[in-house]
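First comes the structure, then the notes that go with it.
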Amino acid sequence: MSETKTETQSGTTSESSIDAPHEQALRPHAEDSFAHELKALDAADDRPRPERWRLSPWAVATYLLGGTLADGTVITPKYVGPRRIVEVAVTTLATDRALLLLGVPGTAKTWVSEHLAAAVSGDSTLLVQGTAGTPEEAIRYGWNYAQLLANGPSREALVPGPVMRAMSQGMTARVEELTRIPADVQDSLITILSEKTLPVPELGQEVQAVRGFNLIATANDRDRGVNDLSSALRRRFNTVVLPLPATPEEEVDIVSRRVEQIGRSLDLPAAPEGLDEIRRVVTVFRELRDGLTADGRTKVKSPSGTLSTAEAISVVTNGLALAAHFGDGVLRPGDVAAGILGAVVRDPAADRVVWQEYLEAVVRERDGWKDFYRACREVSA
20 MSETKTETQS GTTSESSIDA PHEQALRPHA EDSFAHELKA LDAADDRPRP
70 ERWRLSPWAV ATYLLGGTLA DGTVITPKYV GPRRIVEVAV TTLATDRALL
120 LLGVPGTAKT WVSEHLAAAV SGDSTLLVQG TAGTPEEAIR YGWNYAQLLA
170 NGPSREALVP GPVMRAMSQG MTARVEELTR IPADVQDSLI TILSEKTLPV
220 PELGQEVQAV RGFNLIATAN DRDRGVNDLS SALRRRFNTV VLPLPATPEE
270 EVDIVSRRVE QIGRSLDLPA APEGLDEIRR VVTVFRELRD GLTADGRTKV
320 KSPSGTLSTA EAISVVTNGL ALAAHFGDGV LRPGDVAAGI LGAVVRDPAA
370 DRVVWQEYLE AVVRERDGWK DFYRACREVS A
């Protein structure tokens, strides 16, 4: 671990570590946050493991879905949803076929991708973040230009990207938001996934993937038509669709768990009395998302946003921070009202009409929701 000298406000120097300890990181990697669970699974796992896998497929699935081990260790669920989806995803990674996690925004694609990589390879950081500006070098390799200019192309001057590193080490690479990446850059994956090689024409060499290598990509349904995958590339993936939570109870459970985890990392107080507000946020999001009230009696208009589970987590976390710093620590309607307004009203013209109609036709008439109605009216004014 390297250290640097930093100057304090008083003018003195102090030594600080470039690499923050895991316990001080704002968002530790999955393999650090759940190291104790991975260690317990490793010790209890007596099933066959694919080459270079840290755990067996059964243990990887248990890590994601949760359970209790023979020694009493509780494995917390990382994904709440159909078991078969996780089993298919894990089985895909045990073959030579890449995995594509597909779904609408907020269905935990990135979360599942990270935890799969952590459980399989013990390292979730071999990541390519897809954007409209992602270059081919991010997937393949780049160059140390000082060495390149001084000595010409050489292995020493080559800077491997995350996918190349995963290939050479037999690990799991991740590509987030694949359909955001330009089509010509996407297609640089075809040879990697079909031939399991990465040519380096500048050196007249190639990097061959060793056993254990695989790739997880994520893409969301709302990005269709942005940079659609070519049929040649899509054939290299086994696609697993992650659905939205099937029931309100399932979604409340997901939001509660994630808010608790995030709250601990931000040193926010627990909100033991906040379950009612979490359930209220989830109800509002589901009704507006589905265009129908929970009792099935009233149709409502849907706004332009996705109103995903991830956005519900954000609204509740922000509300918890408001309650902790500017309230009495108890999550109340006024703490979540502004967050809901921001999530629903993305188009100031059309979405505001949708929200006002929902408030007056549904929220206003609902028993036990008077405080919530008044808080929403106040922030909507």
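The sequence shown stops at residue 400 when you use this note's numbering, and every number in between is there. C-beta: ideal position from N, C-alpha, C; glycine also. Given the structure is predicted, the values throughout are model-derived calculations rather than measurements.
| request: Please classify Y98: does DSSP put it in a helix, a strand, or coil? | output: coil
*Grouping DSSP H, G and I as helix and E and B as strand, with all else coil, what is P124?*
coil
>> Can you find the residues in the same chain that come closer than 7 Å, C-beta to C-beta, to A113, ignoring five residues on each side of it along the sequence?
In response: P69, P76
Practice task
From the DSSP output, read off the bridge partner residues of G180.
Solution key: Paired residue(s): none; G180 is not in a bridge.
For E34 and A329, I'd like the C-alpha separation in whole angstroms. Because E34 sits at a pLDDT of 42, beneath the cut-off of 50, its placement in the model cannot be relied upon, and the following sentence gives the value as read from the coordinates. Cα to Cα, E34 sits roughly 38 Å from A329.
For this session: Name, in chain order, the residues that DSSP records as bridge partners for T258.
Result: L119
Helix, strand or coil: how does DSSP classify I235 here?
-> strand
Do Y160 and M183 have their C-beta atoms within less than 7 Å of each other? yes
Please state the DSSP three-state secondary structure of G161. strand
- prompt: Using the beta-carbon count (16 or more within 10 Å), is V274 buried or exposed?
  reply: buried
### Message
On the DSSP letters alone, give me the boundaries of the beta strand (DSSP E) that A451 sits inside.
### Response
No answer is possible for residue 451: it lies beyond the span of the chain, which begins at 20 and ends at 400.
request  = Just tell me which of K58, R385, A400, A236 has its CA closest to the CA of I200.
outcome  = A236
Practice problem: Please determine if the region 212-220 and the region 101-113 are in contact, where contact requires at least 3 C-beta pairs separated by less than 8 Å. | Solution: no
Next item on the list: Give the DSSP bridge partners of K318, in chain order.
Entry: L311
Query raised in the report: Buried or exposed: where does Q205 fall if 16 or more other Cβ atoms within 10 Å of its Cβ makes it buried?
Result: Buried, because 16 or more other Cβ atoms sit within 10 Å of the Cβ of Q205.
| said: Using only the alpha-carbon positions, how far apart do S284 and R276 sit? | reply: One C-alpha to the other measures close to 13 Å.
request  = Run the CB neighbour count on G270, radius 10 Å, all protein chains shown included, and call it buried at 16 or more, exposed below.
outcome  = In the sequence as displayed, the identity of residue 270 is Glu instead of Gly. It counts as buried.
Inter-residue Cα distance where the pair is Q188 and G231 = Those two C-alpha atoms are separated by around 8 Å.
Checklist line | Euclidean distance between Cα positions of T95 and L84 | finding: 7 Å
- Query: Is K97 buried or exposed, if buried means 16 or more other CB atoms sit within 10 Å of its CB?
  - Reply: buried
(message) In the DSSP assignment, the alpha helix (DSSP H) including T144 goes from what residue to what residue?
(response) Careful: T144 lies outside any alpha helix (DSSP H) and carries neither H nor E.
Quick one: Cα of P367 to Cα of S52, how far?
39 Å
- Query: Just checking my contact of A117 with V79 at CB under 8 Å: how many whole Å lie between their CB atoms?
  - Reply: Not quite, the Cβ-Cβ distance comes to about 16 Å (not below 8 Å), so this is no contact.
task: Ignore the nearest five residues each way along the sequence and tell me which others in T153's own chain have a CB closer than 8 Å to its CB.
output: V147, R199, I200, P201, V204
Supposed close pair V363, L307 - CB separation, criterion 8 Å = 6 Å
#### Entry: Distance between A357 and V398 (C-alpha atoms, nearest Å)
6 Å
Please report the distance separating the alpha-carbon of R174 from that of V260. Distance between the alpha carbons of R174 and V260 is about 39 Å.
On the three-state DSSP scale, how would you describe R193? Per DSSP, reduced to three states, the secondary structure at R193 is strand.
- Which of the three DSSP states, helix, strand or coil, is assigned to L74? coil
What do you reckon, are the CB atoms on L74 and D64 nearer than 7 Å?
Pairing L74 with D64 gives a Cβ-Cβ distance under 7 Å.
(message) On the CB-based measure, 16 or more other CB atoms within 10 Å of its CB, does E195 come out buried or exposed?
(response) It is buried - the Cβ of E195 has at least 16 other Cβ atoms within 10 Å.
- prompt: In this structure, does DSSP put V363 in helix, strand or coil?
  reply: Helix at V363.
Helix, strand or coil for L60? Go by DSSP, reduced to three states.
helix
**Asked** Using a Cβ-Cβ cut-off of 8 Å (strictly less than) and excluding sequence neighbours within five positions of R255, which residues of its own chain qualify?
**Response** R116, A117, L208, I209, L212, S213
query = Hey, out of T150, S250, A54, R66, whose CA is closest to T92's CA?
reply = A54
Practice task
Report the three-state DSSP secondary structure of G86 (helix, strand or coil).
Solution key: strand
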